[in-house]
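Take a look at the structure set out below.
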Amino acid sequence: MYFIKRISLYIFLILLFLSIYKDIMSGYNIPDNNSPKIQQTVKIDFEIVHIKVKSGETVLSIVEKINNNDIEILNVNQIISDFRLANPETDPFQLQTGHYYYFPLY
228 MYFIKRISLY IFLILLFLSI YKDIMSGYNI PDNNSPKIQQ TVKIDFEIVH IKVKSGETVL
288 SIVEKINNND IEILNVNQII SDFRLANPET DPFQLQTGHY YYFPLY
């Protein structure tokens, strides 16, 4: 019984020292909350409209509707690019019904 207690104590001490060693050697990066935040401003050459998406609507269908079907002169890639500028965190091909997004008004 004495032997088991002694071995258990040694194993515990070895694990304790290994844990302390790992903590000391791995380091820890303290986040610098005083660092200046970089803000990007993007100049937009079009107006934007805040619209709630209904079921079945796409970026192109909404842009057609708000521009009175007058987007034949615009490039589809330009419309998608402008939508991404107005909504940087949103995938234009994965709009969620009931959410509000900014759409370009030309």
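Each residue of the sequence shown is one higher than the one before, counting from 228 in the working numbering.
Glycine included, every Cβ here is placed at the ideal spot set by N, Cα and C.
Only a predicted model underlies this, so the values are computations on that prediction, with no experimental measurement involved.
- If you look at Phe330, you'll find it isn't in any alpha helix (DSSP H); it sits in the beta strand (DSSP E) that goes 327-332.
- In this structure Asp309 is buried. Its beta-carbon is surrounded by 16 or more other beta-carbon atoms within 10 angstroms.
- Here the C-alpha atom of Gly325 lies approximately 6 Å from the C-alpha atom of Lys281.
- Linking Leu332 to Asn295 through their CA atoms gives a straight-line distance of about 10 Å.
- Apart from the 5 residues on each side of it in sequence, Ile306 sits with its Cβ closer than 6 Å to the Cβ of Val290 in its chain, given in chain order.
- Counted as a single uninterrupted DSSP element, the alpha helix (DSSP H) harbouring Lys232 occupies residues 229-253.
- Listed as beta-bridge partners of Val276 by DSSP are Phe330.
- Along the length of the region 278-318, whole alpha helix (DSSP H) runs at least 4 residues long occupy 286-293, 303-313, reported in chain order.
- Annotated as proximal: Ile293 and Val276, with beta-carbon spacing under 9 Å.
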